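First residue of the sequence shown? That's 128 in the numbering used here, and the numbers climb one at a time after it.
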Amino acid sequence: MSGFLAGLCVAILPLLAAGYWLGRRTARTQNLGGLGTPVEHATFQTLHTASLAAPPLRAGLTEETARKSARRLRTLLGTDALCLTDDTRVLAWDGLGAHHRAEVLQRLAGPLETGRGEAFPLGCDTPDCPLRWAVVAPLTVDDRVHGALVACAPRESAVLVRAAAEVARWVSVQLELADLDRSRTRLIEAEIKALRAQISPHFIFNSLAVIASFVRTDPERARELLLEFADFTRYSFRRHGDFTTLADELHAIDHYLALVRARFGDRLSVTLQIAPEVLTVTLPYLCLQPLVENAVKHGLEGKAGRCRIGITAQDAGAEALVVIEDDGAGMDPELLRRILAGEVSPSGGIGLSNVDDRLRQVYGDDHGLVIETAVGAGMKVTARLPKYQPGVHSAGGLARE
């Protein structure tokens, strides 16, 4: 986070420099009214305008937020026109010359692809249009171009090119903060869902019903299942630690599958291939069990025959490769994408999106779930778990320095 704050300061200081030049130009013609020197007045005006433009941008880059911030940004730059775009369209145009939208869009391809700014002359047949020059400054978040800030003026200006670039950097910081806010919100929501749905109520009801069915016909079997249920719930509701070992997680999965087999009998076939050397690998607590529960659910629902589930954990050098695969109903890939993006809520249980979020938060975006599926083709879920991760320990959660 310290690096991010440093980047924030780097973005604000050039913004003040750009605002200083623009503000000094207007300060000479205004009555300062006791606000101090022209430089002090320019600094105040720049910070005030920036503070008004920031709140909409903290909600991300949309038509609404672009519309609300475009006028403030145009004031900040002192240009005749300004527009904000995403990677395909103009989101908002403020000021003169809105008929230049199509021309501006045609010139965006290069800056959006390279991430570098560009200045170009505007062609215009409208007699009363003063705009003859445009500057494109890309808006970049995490090294990916999300859109552009375009400033239009009557004539070419090297100062405008520099000022537009610095304002675009400041806008990019606001969008990065918005992305950080969304990530934090998704993490909090994921943790709440995990706590509320560590065990599916439907699963609890079915497990107790199965145990009850054996009480008279096979008391010993009922006792064994009751112990399996107790061990599984004890693990699921435990209070200590955010992390566990692969061995403990697989042990909990074994209890879960024992209860599922008691209900479905020969309809469920499970194959395990576990490399002993990965059993000590640390992973987020209650991370694999939801994937197995998902495989059982989608493997058995809507299917009259048997369901085969494979669970493998292999040594892959610096990582443990865990694969959970079923031959069940599968899922529409587009629906899966929307679930993982948080656009659609999963139907019960902790869900794939929760596990995906937690893995990304702990290990980074490169370690999210890899899911292969199609309707009627089953589902294959792969998780890559680093064997050694600084600050991650199964006994006491995140290590503190």
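Even glycine gets a Cβ: it sits at the ideal position worked out from N, Cα and C.
Everything numeric in this text was worked out from a predicted model, so none of it was measured.
Can you grab the Cα-Cα spacing for the pair L302 / L486, in whole Å?
As a first step, residue 302 must be located in the sequence shown, where it is residue number 175. As a first step, residue 486 must be located in the sequence shown, where it is residue number 359. The alpha-carbon atoms of L302 and L486 are separated by roughly 24 Å.
What does DSSP give as the partner residues of T371 in its beta bridges?
Counting from one through the sequence shown, the residue named residue 371 turns up at place 244. DSSP lists L410 as partners of T371.
How is R487 classed by DSSP in three states: helix, strand or coil?
Mapped onto the sequence shown, residue 487 falls at position 360. The answer is helix: DSSP assigns R487 an H, G or I state.
Please tell me whether V586 and A389 are closer than 7 Å, where the distance is taken between their beta carbons.
Residue 586 cannot be examined here, being either before or after the span of the chain that is shown, 128 to 528.
So, are the CB atoms of V263 and G242 less than 7 Å apart?
Here residue 263 refers to the residue found at position 136 when the sequence shown is read from its first residue. Here residue 242 refers to the residue found at position 115 when the sequence shown is read from its first residue. No, they are not a contact pair.
Using three-state DSSP, classify S284 as helix, strand or coil.
To locate residue 284, count along the sequence shown from 1; it is residue 157. Coil, per DSSP.
Near R394, what residues of its chain come up, given a Cβ to Cβ distance below 7 Å and the 5 sequence neighbours on each side ignored?
Here the question's residue 394 lines up with position 267 in the sequence shown. Counting only Cβ-Cβ distances below 7 Å, and skipping sequence neighbours, we find L427, R433, C434.
Can you tell me which residues form a DSSP beta bridge with K507?
Locating residue 507 in the sequence shown gives position 380, where the first residue counts as 1. Bridge partners of K507: E452, E499.
Just reading off the beta strand (DSSP E) that G426 is part of, what are its end residues?
Counted from its first residue, the sequence shown places residue 426 at position 299. Where G426 is concerned, there is no enclosing beta strand (DSSP E), although the alpha helix (DSSP H) it sits in stretches over 416-427.
With distances taken from CA atoms, which of T202, V300, I380 is nearest D270?
Stepping through the sequence shown from its first residue, residue 270 is reached at position 143. For D270, the nearest C-alpha among the options comes from V300.
Quick check on the DSSP output: what are the complete beta strand (DSSP E) runs of length 3 or more inside the segment 237-283, in order along the chain?
You should have 245-248, 260-268, 271-280.
Roughly how many angstroms lie between the CA atoms of E446 and P182, to the nearest whole one?
For the purposes of this step, residue 446 is taken as residue 319 along the sequence shown, with counting starting at 1. For the purposes of this step, residue 182 is taken as residue 55 along the sequence shown, with counting starting at 1. Distance between the alpha carbons of E446 and P182 is about 42 Å.
Indicate the three-state DSSP secondary structure (helix, strand or coil) for L307 in the structure shown.
Along the sequence shown, one-based indexing puts residue 307 at 180. If DSSP states are grouped into helix, strand and coil, L307 belongs with the helices.
According to the Cβ coordinates, are L211 and A225 closer than 7 Å?
As a first step, residue 211 must be located in the sequence shown, where it is residue number 84. As a first step, residue 225 must be located in the sequence shown, where it is residue number 98. Not a contact, by the Cβ cut-off of 7 Å.
Do the CB positions of V268 and D306 come within less than 7 Å of each other?
Here residue 268 is taken as the residue at index 141 of the sequence shown, counted from 1. Here residue 306 is taken as the residue at index 179 of the sequence shown, counted from 1. Yes, these two residues count as a Cβ contact at 7 Å.
Measuring alpha carbon to alpha carbon, tell me which residue in V489, V450, L496, Y362 is nearest A468.
Position 341 of the sequence shown, counting from 1, holds the residue named residue 468. Answer by Cα proximity: L496.
Where does L149 sit, in a helix, a strand or coil, going by DSSP?
Indexing the sequence shown from 1 puts residue 149 at position 22. For L149, the pLDDT reaches just 48, beneath the cut-off of 50, and the residue's location in the model is therefore unreliable, although a value from the coordinates is still provided. In this structure, L149 counts as helix in the three-state DSSP scheme.
Q400: buried (16+ other C-beta within 10 angstroms of its C-beta) or exposed?
The residue given as residue 400 occupies position 273 in the sequence shown. It is exposed - the Cβ of Q400 has fewer than 16 other Cβ atoms within 10 Å.
Within its chain, find whatever has a CB closer than 7 Å to the CB of A219; leave out the 5 residues flanking it on each side and keep chain order.
Numbered from its first residue, the sequence shown carries residue 219 at position 92. Once the five neighbours on either side are set aside, the close Cβ partners of A219 are E190, A193, R194, A197, C210, L211.
Is the separation between the beta-carbon of Y362 and that of A374 shorter than 7 Å?
Translated into positions along the sequence shown, residue 362 becomes position 235. Translated into positions along the sequence shown, residue 374 becomes position 247. The answer is no: Cβ separation not under 7 Å.
Tell me, please, whether the segment 451-463 touches the segment 499-506 by the rule of three or more beta-carbon pairs shorter than 8 Å.
Cβ pair count under 8 Å is three or more, so yes.
Note down, in chain order, each residue of its chain lying with its Cβ closer than 7 Å to the Cβ of E355, except the 5 sequence neighbours on either side.
Residue mapping note: residue 355 aligns to position 228 of the sequence shown, counting from 1. H382, A385, L386, listed in sequence order.
From L235 to R465, what distance separates their C-alpha atoms?
Numbered from 1 along the sequence shown, position 108 holds the residue referred to as residue 235. Numbered from 1 along the sequence shown, position 338 holds the residue referred to as residue 465. Approximately 29 Å between the Cα atoms of the pair.
Would you report the Cα separation of A290 and L204, rounded to the nearest angstrom?
The residue labelled residue 290 in the question sits at position 163 within the sequence shown. The residue labelled residue 204 in the question sits at position 77 within the sequence shown. Approximately 7 Å, taken between the alpha carbons.
For P513, write down the residues that DSSP places opposite it in a beta bridge.
Looking up residue 513 in the sequence shown gives position 386. P513 is bridged to E446.
State the DSSP-derived secondary structure class of L159, mapped to helix, strand or coil.
Locating residue 159 in the sequence shown gives position 32, where the first residue counts as 1. Unreliable placement is indicated for L159, whose pLDDT of 44 sits below 50; the coordinate value is still reported in the next sentence. DSSP places L159 in coil when its eight states are reduced to three.
Less than 7 Å between the C-beta atoms of R228 and V217, yes or no?
The residue labelled residue 228 in the question sits at position 101 within the sequence shown. The residue labelled residue 217 in the question sits at position 90 within the sequence shown. For R228 and V217, yes; Cβs fall inside 7 Å.
Please give me, in chain order, every unbroken run of the beta strand (DSSP E) with length at least 3 that falls completely inside the segment 162-210.
List check, beta strand (DSSP E) in window: nothing returned.
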